[in-house]
Amino acid sequence: MKFSVLSTVLASATSVYGHYTFDQLVVNDALEGTANTYIRKHQNSYMPTKFKNPPSGSITPLDADFSCNKGAVPAAQVFKVKAGDKVGLKMAYGGTGMEHPGPSQVYVSPVDNAAVMTKRGGKGP
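Here the numbering used here is used: position 54 in the sequence shown is 37, and no number is missing along the way.
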């Protein structure tokens, strides 16, 4: 299965609003590449989503950019993982831990071409 964070939809429950962003892929507890090698760089910096009274320029789950974030550009490379691989993400901007950790969900689905995928769709859910 081809996997790229650019094809990943990071989602949270409707009552939870995430505000962390990630820039590096972790596979089987090892960092892969450098910042944004396998993860799309976007324009929303540290506070990528804000849904209650969002300031101008913010995105919500109904916006087309929600899957990859505002102004995301294609990742430099695509990383292939196998079934059973442990996949994770490293926090961007030098983050070393979440101040208020909680559950999170990551939806991964195959795409026709992960290198150029720009919106939800492709094969799978």
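Beta carbons: idealized from backbone N, C-alpha and C, even for Gly.
So for residue i, helix, strand or coil by DSSP?
i, result
"residue -10", "A caution first: residue -10 carries a pLDDT of 40, below 50, which makes its placement in the model unreliable, though a value can still be read off. DSSP places residue -10 in helix when its eight states are reduced to three."
"residue 13", "strand"
What number of angstroms, rounded off, separates the C-alpha of residue i from the C-alpha of residue j?
i, j, result
"residue 8", "residue 63", "11 angstroms"
"residue 75", "residue 69", "19 angstroms"
"residue 21", "residue 12", "16 angstroms"
"residue 10", "residue 17", "13 angstroms"
"residue 71", "residue 44", "22 angstroms"
"residue 61", "residue 23", "11 angstroms"
"residue 47", "residue 67", "31 angstroms"
"residue 95", "residue 4", "25 angstroms"
"residue 78", "residue 14", "15 angstroms"
"residue 50", "residue 87", "15 angstroms"
Which residues does DSSP list as the beta-bridge partners of residue i?
i, result
"residue 74", "5"
Could you give the C-beta distance for residue i and residue j, rounded to a whole number, given that I count them as a contact under 8 angstroms?
i, j, result
"residue 59", "residue 27", "19 angstroms between Cβ atoms; not a contact."
"residue 65", "residue 6", "Incorrect: roughly 23 angstroms between the Cβ atoms, too far for contact."
Contact between the segment 46 to 56 and the segment 72 to 86 (3+ Cβ pairs under 8 angstroms): Segments in contact, no.
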